[in-house]
Amino acid sequence: MFRLSNDEWLALREVARRSISSAVLDKSIPDLPTYPATLTVSRGAFVTLYRAGKLRGCVGQVDSVGPLAEVVARSAINAALHDPRFAPVAPEEVATLEIEISVLSPLEPIAPESIVAGRHGLMVVHKEFKAVLLPQVATERGWSGQRLLEETCEKAGLAPNAWRDPDTQVLAFTVDQFPEERGRTTVHS
Numbered sequence: 461m462f463r464l465s466n467d468e469w470l471a472l473r474e475v476a477r478r479s480i481s482s483a484v485l486d487k488s489i490p491d492l493p494t495y496p497a498t499l500t501v502s503r504g505a506f507v508t509l510y511r512a513g514k515l516r517g518c519v520g521q522v523d524s525v526g527p528l529a530e531v532v533a534r535s536a537i538n539a540a541l542h543d544p545r546f547a548p549v550a551p552e553e554v555a556t557l558e559i560e561i562s563v564l565s566p567l568e569p570i571a572p573e574s575i576v577a578g579r580h581g582l583m584v585v586h587k588e589f590k591a592v593l594l595p596q597v598a599t600e601r602g603w604s605g606q607r608l609l610e611e612t613c614e615k616a617g618l619a620p621n622a623w624r625d626p627d628t629q630v631l632a633f634t635v636d637q638f639p640e641e642r643g644r645t646t647v648h649s
């Protein structure tokens with residue numbers, strides 16, 4: 461299993477923070493600092509931003525990924541400026557943001573009855589409709605695996621039972637998280 465050291469997580473968080481600062485304060489995309497070779501592995505990732513404990517943005521990249529450090533940089537900028545649920549992060553907010561990084565395992569097909577809430581994140585794909593929910597969403601909201609599947613379908617703009625359609629793909633992944641406030645890794649695998 462792919463695991464990052466504490467120093468590698470700290471390097472990723474620095475990439476995220478530097479990317480947000482440059483994008484919001486300088487309106488530019490930063491050159492990435494030198495980072496460990498392990499951060500060049502191709503992985504999906506999400507960056508979740510909190511301010512005073514409240515969600516402020518969450519964007520990630522699941523497929524068509526590239527080097528992990530670059531995925532984190534893009535996701536951080538997009539979480540700060542392009543999450544459609546929130547206004548862009550203002551310059552005065554940058555220093556107060558808490559950053560959580562979730563590194564995803566590769567996507568794999570999963571049978572609905574095998575989904576474990578809090579362990580699996582899901583991606584549902586049906587034609588041009590697609591949505592992703594991280595495993596921590598089910599944990600935070602007290603959802604079952606079935607409810608996570610239904611909510612992922614709804615997030616994609618589909619009926620809750622769209623997963624029953626043979627043309628609908630249900631893909632699962634696990635995550636390793638690095639929440640800033642605790643400074644330690646949480647594994648959902």
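Just so we're aligned, residue 461 is where the sequence shown starts under the numbering used here, counting upward by one. Ideal placement from N, C-alpha and C gives every residue a C-beta, glycine not left out. Quantities reported herein were computed from a predicted structural model and do not represent experimental measurements.
query	result
Measure the alpha-carbon distance for residue 577 versus residue 592 and round it to whole angstroms.	14 Å
Quick one, are the C-beta atoms of residue 508 and residue 540 less than 8 Å apart?	no
I'd like the span of the alpha helix (DSSP H) that includes residue 514, first residue to last.	Careful: residue 514 lies outside any alpha helix (DSSP H), inside the beta strand (DSSP E) at 514-521.
Could you give the C-beta distance for residue 631 and residue 582, rounded to a whole number, given that I count them as a contact under 8 Å?	7 Å
Fully enclosed by the region 566-590, which beta strand (DSSP E) runs are 3 residues long or longer?	581-586
Three Cβ pairs or more, each shorter than 8 Å: is that satisfied between the region 465-481 and the region 529-539?	yes
Could you say which of 497, 528, 546 and 550 lies nearest to residue 482 if we only look at CA atoms?	550
Could you tell me whether the Cβ atoms of residue 586 and residue 556 are closer together than 8 Å?	no
Would you kindly report the start and end of the unbroken beta strand (DSSP E) that includes residue 563?	557-564
Taking buried to mean at least 16 other C-beta atoms within 10 Å of its own C-beta, is residue 595 buried or exposed?	buried
How many whole angstroms separate the CB atoms of residue 485 and residue 522, which I take to be in contact at a CB cut-off of 8 Å?	28 Å between Cβ atoms; not a contact.
Would you identify the three-state DSSP class for residue 625, choosing helix, strand or coil?	coil
For residue 595, name the three-state secondary structure that DSSP assigns.	helix
Short of 8 Å in beta carbon distance, which residues of its chain neighbour residue 572, apart from the five on each side in sequence? Order them along the chain.	605, 606, 609, 623 and 630
Name the residue from 618, 498, 634 and 467 whose alpha carbon lies nearest to the alpha carbon of residue 588.	618
Taking Cβ to Cβ, would you say residue 471 is nearer than 8 Å to residue 492?	no
My assumption, with CB atoms under 8 Å, is that residue 639 sits in contact with residue 560. Please give the rounded CB distance.	5 Å
At what residues does the alpha helix (DSSP H) containing residue 720 begin and finish?	Absent from the model: residue 720. The displayed extent of the chain is 461 to 649, so no value can be given.
Once you ignore the five residues that flank residue 580 on each side, which residues in its own chain have a CB closer than 6 Å to its CB?	595 and 632
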